[in-house]
Amino acid sequence: PVSIYKDEMTASIKVANRIAVVIKEKDAKGEKTVLGLATGATPVNVYKELIRLHKEEGLSFKKVITFNLDEYYPMKPDATQSYVAFMKENLFDHVDIDMMNVHIPNGELAEEQIFDFCANYEKKITAHGGLDIQILGIGRTGHIGFNEPGSAPNSGTRLVTLNDLTRRDASRDFGGKENVPKKAITMGVGTIFKAKQIILMAWNQKKASIVKKAVEGGISADVPATYLQLSDNVEFILDIDAASNLT
Ligand code: F6R
Numbered sequence: 001p002v003s004i005y006k007d008e009m010t011a012s013i014k015v016a017n018r019i020a021v022v023i024k025e026k027d028a029k030g031e032k033t034v035l036g037l038a039t040g041a042t043p044v045n046v047y048k049e050l051i052r053l054h055k056e057e058g059l060s061f062k063k064v065i066t067f068n069l070d071e072y073y074p075m076k077p078d079a080t081q082s083y084v085a086f087m088k089e090n091l092f093d094h095v096d097i098d099m100m101n102v103h104i105p106n107g108e109l110a111e112e113q114i115f116d117f118c119a120n121y122e123k124k125i126t127a128h129g130g131l132d133i134q135i136l137g138i139g140r141t142g143h144i145g146f147n148e149p150g151s152a153p154n155s156g157t158r159l160v161t162l163n164d165l166t167r168r169d170a171s172r173d174f175g176g177k178e179n180v181p182k183k184a185i186t187m188g189v190g191t192i193f194k195a196k197q198i199i200l201m202a203w204n205q206k207k208a209s210i211v212k213k214a215v216e217g218g219i220s221a222d223v224p225a226t227y228l229q230l231s232d233n234v235e236f237i238l239d240i241d242a243a244s245n246l247t
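With our numbering applied, the sequence shown corresponds to residues 1 to 247, in that order.
What follows is the structure in structure tokens.
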């Protein structure tokens, strides 16, 4: 299903509430919640609202386990552009999460360690009972996570090469495209697909044409987000601008 909201903030509050409901329901049953998290501009206001719910309405992250979609490779966790830094600044430093429960692909591994790390990342998600909710943004290449065009629907967590457009879009954060890492470690399309609920969010006119392809286009490896059309557990949550090209 596709839900369209009048603006990013309204939509972000809806998504934060969906996450909060799951955390509270599982908490009430004495169960942990496993969240799949994204970085980038798109989820920032979702995280802001979750922080508000924590500070003002007592939402607790003590029993929340998180797995982030991706990290640049190579990347030091304490670098300002790392997704570790992003998650601390935008969420983890402001809520009561136990950092032992936080998982983000490790951008510091030696190449020969990556394969085992990725297999282990998958195993850990499964061992925790799978992702309850996975939130996603969408890149202008049609990527979800860093599953760029050409990614297989059954792909798992792995090292990938970033598309040129993706690196261009990241260039501002790195002071030039030449400084953007060429690779990343990302959950696969298959990893994302196993989540019990998948929420893909998109705001802004800039995303309108890729959103149209993702929602209405033929299913194709050329636009990995189109694979989501095959899942019964997906909701596309859009603002009016991102939805403006839909039929
Ligand atoms: C980030 C991620 C990416 C972004 C996408 C959109 O963890 O996996 O797929 O969601 O590149 O980025 P923004 O939100 O900055 O437009």
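C-beta atoms are modelled at their ideal positions from N, C-alpha and C, and glycine is treated no differently.
Item, Value
"Sequence ranges, beta strand (DSSP E) only - wholly within the region 53 to 122, length at least 3", "64 to 68 and 70 to 73"
"Under 5 angstroms, CB to nearest heavy atom of ligand 1: contacting residues", "38, 39, 40, 41, 42, 69, 70, 137, 139 and 145"
"Backbone CA spacing between residue 68 and residue 61 [nearest angstrom]", "15 angstroms"
"CA nearest to the CA of residue 31, picked from 213, 129, 77 and 114", "129"
"Continuous beta strand (DSSP E) stretch holding residue 183: start and end", "183 to 186"
"Euclidean distance between Cα positions of residue 199 and residue 113", "31 angstroms"
"Separation of residue 176 from residue 239, as counted between CA atoms", "29 angstroms"
"Span separating the alpha-carbon of residue 184 from that of residue 4", "31 angstroms"
"Best match in 38, 34 and 119 for proximity to residue 83 [C-alpha to C-alpha]", "38"
"Residues near residue 51 in its chain [Cβ-Cβ closer than 8 angstroms; skip 5 each side]", "91, 94 and 95"
"Candidates 219, 2, 132 and 126: closest to residue 36 by CA position", "132"
"Endpoints, the alpha helix (DSSP H) within which residue 165 is located", "164 to 169"
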